[in-house]
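Residue numbers (the numbering used here): 13 to 233.
Ideal Cβ positions, reconstructed from N, Cα and C, are used throughout, including at glycine.
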């Protein structure tokens, strides 16, 4: 897994895009557009808020930051490390510290320079991007052109959800001044703690690499 630590944002973006519910609707020639635009949006927002106190900004908008310590006993593949809720009367950012600690302990085996505080702030930065989407009432997918599927009687259009995750990773990387895409740490954690998924992750990363390589070379019609 470590050989992919310095892989491009586009590769990890494609890895995320491949998990999109409507991935098969995306024309191959449009991969580059969705990757570049979502990465750009996240990076630009990261530059705008760099060195600002993200927690204080959220608190001013009545978002309660909650450090959760209960044991959740979930499969590492599905362990949620953070989540944000932004409703009119219910606004919070949950940080599941036990899960973040587990991730930190696992990742440190391969990346010894990583520490808990840094990893916690990385998750905060990721969720802050979603806070921006919610508070501005505009998801990243709504800023990009929808994908279309033509049926017999009508054309169905949908906004992609995975581009929000791609942009959030890009935001967190820019805000934290990291040289590694945050998705790498998720993949590394799962590959260490859930050996049965190691081969699947490696295959998906390699598929993503090939798709990005072809896309950036404009090999699609």
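- Cβ contact annotation for residue 81 (same chain, cutoff 7 Å, sequence separation greater than five): 109, 110, in chain order.
- Taking C-beta separations shorter than 7 Å and ignoring five residues to either side along the sequence, the partners of residue 120 in its chain run 126, following chain order.
- Boundaries of the alpha helix (DSSP H) around residue 197: 195-205.
- Residue 14 and residue 122 do touch by the CB rule: their CB atoms are close to 5 Å apart, below 8 Å.
- In the three-state scheme derived from DSSP, where H, G and I count as helix and E and B as strand, residue 168 is classed as strand.
- Three or more beta-carbon pairs separated by less than 8 Å are not found between the segment 161-179 and the segment 90-99, which leaves the two stretches without contact.
- Taking the C-beta atoms as reference points, residue 183 is found nearer than 8 Å to residue 54.
- Contact between residue 220 and residue 23 holds: their C-beta atoms lie close to 5 Å from each other, under 8 Å.
- Proximity of the segment 140-152 to the segment 52-68 meets the contact definition, three or more beta-carbon pairs being nearer than 8 Å.
- Taking 8 Å as the upper bound for CB-CB distance, residue 66 and residue 178 are not in contact here, some 19 Å apart.
- Residue 21 is classed as buried because its beta carbon has at least 16 other beta carbons within 10 Å across all chains shown.
- Its Cα nearest to that of residue 92, the residue 135 stands out among 40, 135, 161.
- DSSP places residue 59 in the helix class (H, G or I) of the three-state scheme.
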